[in-house]
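In what follows, a structure is listed as structure tokens, so that the remarks can point back to it.
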Amino acid sequence: MTGCIFCAIAAGEAEAERVLETDDFVAFLDQRPVFKGHVLLVPREHVVTLPDLPAGLRDGFLAQAQRLAVAMQDGLGAQGSFVAVNNVVSQSVPHLHCHVVPRTKGDGLRGFFWPRTKYAAGEMEEYAARVRVALDGTAPGA
Numbered sequence: 087m088t089g090c091i092f093c094a095i096a097a098g099e100a101e102a103e104r105v106l107e108t109d110d111f112v113a114f115l116d117q118r119p120v121f122k123g124h125v126l127l128v129p130r131e132h133v134v135t136l137p138d139l140p141a142g143l144r145d146g147f148l149a150q151a152q153r154l155a156v157a158m159q160d161g162l163g164a165q166g167s168f169v170a171v172n173n174v175v176s177q178s179v180p181h182l183h184c185h186v187v188p189r190t191k192g193d194g195l196r197g198f199f200w201p202r203t204k205y206a207a208g209e210m211e212e213y214a215a216r217v218r219v220a221l222d223g224t225a226p227g228a
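The numbering of the sequence shown is the numbering used here, which starts it at 87 and goes up by one.
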């Protein structure tokens, strides 16, 4: 879709620190992460909300979200993850995206208030590399 930043990222026309790419999906680091390592999973096809997701992509979308949730622990040392999809309300980009956020006990995340942080120079690439290694099954404990 013209003008959609996530479509541009999926097509390789816009910069993003990608951690996962399949024929149907792309995952990349959120530029304004809740916590460092926060990933957005999007379908390559322009789909606005979860209810719009074609049946043929549903299982794959959840399967990739599961892989990313495991990568938060294996690659980033998180104790768990927060996985969420907004539909219209609080959806900053009108293209379906699943947030996969690394979590640790006492990290300060309360309810649905999402404080944002920034990456220092070079950190974004480092976090992306760690998640990619975990997705490839080459991380310690994988």
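C-beta atoms are modelled at their ideal positions from N, C-alpha and C, and glycine is treated no differently.
Values in this document were obtained by computation on a predicted structure and should not be read as measured data.
Can you look up residue i in the DSSP assignment and give me helix, strand or coil?
i, result
"Leu139", "coil"
"Val247", "Any answer about residue 247 is impossible in this case: the structure gives the chain only from 87 up to 228."
"Leu148", "helix"
"Ala225", "Caution is warranted here: a pLDDT of 44 is assigned to Ala225, below 50, making its placement in the model unreliable, and the coordinate value is therefore given only provisionally. Of the three classes helix, strand and coil, the one that applies to Ala225 here is coil, per DSSP."
"Glu212", "helix"
"Leu106", "strand"
"Ala157", "helix"
Going by C-alpha to C-alpha distance, which of the options sits closest to residue i?
i, options, result
"Thr172", "Gly163, Gly223, Val186", "Correcting the residue identity first, residue 172 is Asn in this sequence and not Thr. Cα-wise, what sits closest to Asn172 is Val186."
"Cys184", "Ser167, Lys191, Gly192, Thr190", "Ser167"
"Arg216", "His132, Val174, Asp160", "Asp160"
"Asp229", "Gly194, Val174, Pro119", "No information on residue 229 is available, as it lies outside the stretch 87 to 228 that the chain covers here."
"Val169", "Ala214, Thr135, Val125", "Val125"
"Gly223", "Val156, Asp116, Arg189", "Val156"
"Glu211", "Ile95, Thr88, Gln117", "Gln117"
"Arg189", "Tyr213, Met158, His181, Val112", "Met158"
"Asn213", "Leu148, Ala102, Ala94", "Reading the sequence as shown, one finds Tyr at residue 213 and not Asn. The residue with the shortest Cα to Cα distance from Tyr213 is Ala102."
"Ile289", "Phe114, Leu148, Gln177, Leu221", "Lying before the first or after the last residue shown, residue 289 is absent from the chain, which here runs from 87 to 228."
Taking the C-alpha atoms as reference points, what is the distance between residue i and residue j?
i, j, result
"Val219", "Arg196", "29 Å"
"Gly146", "Gln165", "24 Å"
"Leu162", "Gly123", "7 Å"
"Arg104", "Tyr205", "15 Å"
"Ala100", "Lys191", "35 Å"
"Ala141", "Val133", "12 Å"
"Pro226", "Cys90", "Low confidence applies to Pro226: its pLDDT is 43, below 50, so where it sits in the model is not reliable, and the reading given next is rough at best. For Pro226 and Cys90, the distance between alpha carbons rounds to 37 Å."
"Val120", "Val128", "18 Å"
"Leu154", "Ala207", "24 Å"
"Leu136", "Gln150", "15 Å"
"Glu209", "Arg144", "32 Å"
Tell me where the beta strand (DSSP E) around residue i begins and ends.
i, result
"Ala94", "Segment 91-96 is the alpha helix (DSSP H) holding Ala94; no beta strand (DSSP E) there."
"Glu131", "That residue, Glu131, is in no beta strand (DSSP E); it is neither H nor E in DSSP."
"Val120", "Taken as a continuous stretch (DSSP letters only), Val120 belongs to no beta strand (DSSP E), as it is neither H nor E."
"Ser232", "Only positions 87 to 228 of the chain appear in the structure, and residue 232 is not among them; the question remains open."
"Pro188", "184-189"
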